[in-house]
Structures are given as C-alpha cells and as structure tokens.
Amino acid sequence: EVERLLRDAIELRMRADVPVGAFLSGGVDSSTVVAIMQDVGPRPVRTFTVGLEDPEFDEGPYAREVARRLGTEHTELHVGADEALALVPQLTSVFDEPFADSSQIPSLLISELARRSVTVSLAGDGGDELFGGYARHRTLLETYHRYGMVLSVLGLPRRAFVGGRSPAGMVRRGRRCSRWSPALLGFAPAEAFLRTISKWNKPEEIVLGGSEPVTTITQCETWPYLRNLAEQMMYLDAAVYLTDTLLVKLDRSSMAVSLEARVPFLDHRLAEFVWSLPMDYRMTSRGDKRTLRRVLNRYLPERLFERPKMGFSIPLAKWLRGPLRDWAEELLSERRLRHDGIFHPARVRRRWKLHLEGRVDYRNALWIVLMVQGWLDQR
C-alpha cells in the first residue's frame, strides 16, 4: 500500500508541460523517488547530484551507482571550498532572513545545476519524518527498550515505558508537563527534545537579553497523544523542523533559480496512511524506514542503499578552520560583535577559539552566529 500510494503521488507530481527531473543523493528517500519515476515514466529521468571534493562528505559515488543501475540521465557537479566561499555572500539575500542550516549551500548548488536542464525537480524531503529517519528517533526507542528491560529485571511494570500508553502521552497533566524518569535524561519532555535539536542550549547565555521563545516544542501540554515517545518526536520534527527548516531551505533554494521543487512524500494520502501504521512498520531500534526500504528493494539491490545516513552535509568544520576562516573571523571579531550588540562577545569568541584549535566541533553553533552577522551586513 505504501508503494501504491507513493507511485501515485510521484506520477501526479511528474505532470508538467516543462522538463522534469529529480535530486539524487543515493540515499533511501531520493533513490526511492527516482526509482519509481524511472519505472512509471516514458523516458529516462534526469537526475542531479552535487558531489564534494572531501570524500568523507561526498555522496557522488553512491548517487552515480544508483543512477547507473536505474538508467537515468545523470548529471553530477563536484564542488570544493572555493565554490562554497563564493556562494556564502549570497545566502542572506537568497533566504531573506538569518537561516542557519549549512546544507543550504549544497541545496542552492544542486538547484542551480538542475535548473540548467529542467524546470521542475522532485525531492525526497519528508521521508525522514514519516519513517523515523533521524538518529534521535532510534535513540529514543533504544533508550526505552533498555529501560524497560531494567524494569522487568526489577519486577516492575514496563508497559508505560515501552508499549501501551505512551510516555509522551503521559506527560500532560492539566496545564503542566511532568518529568520523564531520571534514567531518561532527567529533563522535562520539551527540554529534552530542545537539547536534542539545539546548537545553543540556553539562548539567554549567548543572546544579550535573550530568552527561549514560546513554540510548539516548548508547549508540551499542547502535544497530541501518540503511541510512544519516538513517534512523538517524529510528529514534532514534521510540525517544526520539516516546515520551518527543510521546506524553507528547499523552497528558497529552488525558487532563487526559478526551479519548482515538488515533494511526493508529503502527499497527504501517503502521510495519513504511514501515520496509521504500527511503529514496527516504520522503524525499530535496529533501523529506520523499514517499509520504505522494502519498497526500494523491489527496484534496487540492498547493497546500493544500505549504508549509514550522510544527510546533505558539507565539511563545514574544516572549511571554518581553512578557506572560510578569514570571512568568519571578521564576522566573529570582538569589535564586530560588540558593535552589533546581539551576541555575548566573550562566549562566542571562546567557542570560536576552541573550534579553531580543533578541541571541540562547534561548526553548527557558530554557523548560526555567522548567518545572523552576515544578514546584518545586508540590512
């Protein structure tokens, strides 16, 4: 049924009176979209990949092998730090706000590449939120499984922790949120999830006069009752991360070059059906996207997609210590930070120093500050 709904969603989004292609990373989501496009379409699909010179972050070989096996018309662009550096000054104007997901760079590059050949491109966004594709989803399942085993050894009921009533559904009591067990990090639900996704855990420590804003995540009393905590986090990712980050990134990157991006995984019929499935059909503590992988296996051998998730990442940590260092140093200088008056200079400078020394990887936390500082230059 997942395959039937996905095929229909993809066929619907292939309808156009202009050339249609697809982004291909070689991962499960994009490979599934391309495999079905190739199967239902009358001609070879035009696929596009941005590869990086750093082999640790280069998905080019995986995408190339998938494209070869499926028989697509594949185009690949290899970029290095110099190309990224040339793109950085454009980011704040493209996104029109301080947008700080560093995968915005390859997203913009692949959109530019695709637009040279097509006007519409399909993307695999949404698959992670539907099928539990993030490591934090599996971590929650593993945590509750292990904690449930401890409860069993102690002769205590484990139903509330690993099955039956959802721990996330139990956190709402009136208008307040109770705490998880200390064995489960010891944080309130909202705080635990914030710590999972945040790069600066306490905004007031880095933003002068700042405080955590009220959002869907911080108001755990408004969360819906779901079957288990992992599913609760998948819901929050769909409601917040997908909508406020991933789709914003995709839309602005593509529209900046007049490319229309379409996302078949977000077809409402497919999403509704997947959310009706038991968790074991979506993911387990041993792996993610269980049903989706079975669908893809009908088109491709497992060896082509069974690999660790890479994401749309760049070697940002290295680039900040290398070719992007001078640009970053100017924006993160104490003089500049004091003049702009938004961030706490000493705390930013400390993280920048530790990052340059290679002692701690603060690339994501620093990228947030850099995007704000760069945006101020465009005002």
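So for the sequence shown, the working numbering puts the first residue at 123; every next one is plus one.
Just so it is clear, CB atoms sit at the ideal spot from N, CA and C, and this is done for glycine as well.
Quick caveat, the model's predicted, so the values are computed rather than measured.
- Here Val167 carries a coil assignment [DSSP, helix/strand/coil].
- In terms of CA proximity to Glu195, Arg168 leads the group Ala439, His259, Arg471, Arg168.
- Closest by C-alpha distance to Pro211, out of Leu199, Ile227, His200, Pro183, is Ile227.
- Taking 8 Å as the cut-off, the beta carbon of Val188 is found no closer than this to the beta carbon of Leu231.
- Ala138 carries a coil assignment under DSSP once its states are collapsed to helix, strand and coil.
- With at least 16 other beta carbons inside 10 angstroms of its own, Leu213 counts as buried.
- If you check the CB distance, Glu251 and Asp359 come in under 8 Å.
- In the three-state reduction of the DSSP assignment, Leu199 falls in the strand class.
- For Ser243, the three-state secondary structure derived from DSSP is strand.
- In this chain, Ala361 is not harboured by any alpha helix (DSSP H), its DSSP state being neither H nor E.
- With a 10 Å radius around the Cβ and a threshold of 16 neighbouring Cβ atoms, Thr154 comes out buried.
- Secondary structure at Gly143: strand, using DSSP grouped into helix, strand and coil.
- Excluding residues up to 5 positions away in sequence, Ser375, Ser376, Val379, Leu381 lie with their Cβ nearer than 6 Å to the Cβ of Ser233 in the same chain.
- At a Cβ-Cβ threshold of 8 Å, Leu128 and Leu372 do not count as neighbours.
- Along the length of the segment 176–225, whole beta strand (DSSP E) runs at least 3 residues long occupy 195–201, reported in chain order.
- Counting only residues of its own chain and dropping the five nearest sequence neighbours on each side, Glu133 has a CB closer than 8 Å to the CB of Val162.
- Of all C-beta pairs linking the segment 384–404 to the segment 334–343, fewer than three are shorter than 8 Å, placing the two stretches out of contact.
- Separation of the CB atoms of Gly173 and Glu198 is rounded to 6 Å, and the pair is thereby assigned contact status at 8 Å.
- The three-state secondary structure of Gly249, taken from DSSP, is helix.
- By the neighbour-count criterion, in which 16 or more other beta carbons inside 10 Å mark a residue as buried, Leu453 falls on the buried side.
- Distance from the CA atom of Thr338 to the CA atom of Trp322, rounded to whole angstroms, is 18 Å.
- Leu174 sits in a strand when the DSSP states are folded into three classes.
- For the 8 Å CB-CB criterion, Val150 and Arg415 form a contact.
- When secondary structure is reduced to three states using DSSP, Val379 falls in the coil class, being assigned neither helix nor strand.
- According to DSSP, residue pairing for Gly409 in a beta bridge involves Thr406.
- Between Ala352 and Gly254, the gap from beta carbon to beta carbon is short of 8 Å.
- Burial of Val240 is indicated by the presence of at least 16 other C-beta atoms within 10 angstroms of its C-beta.
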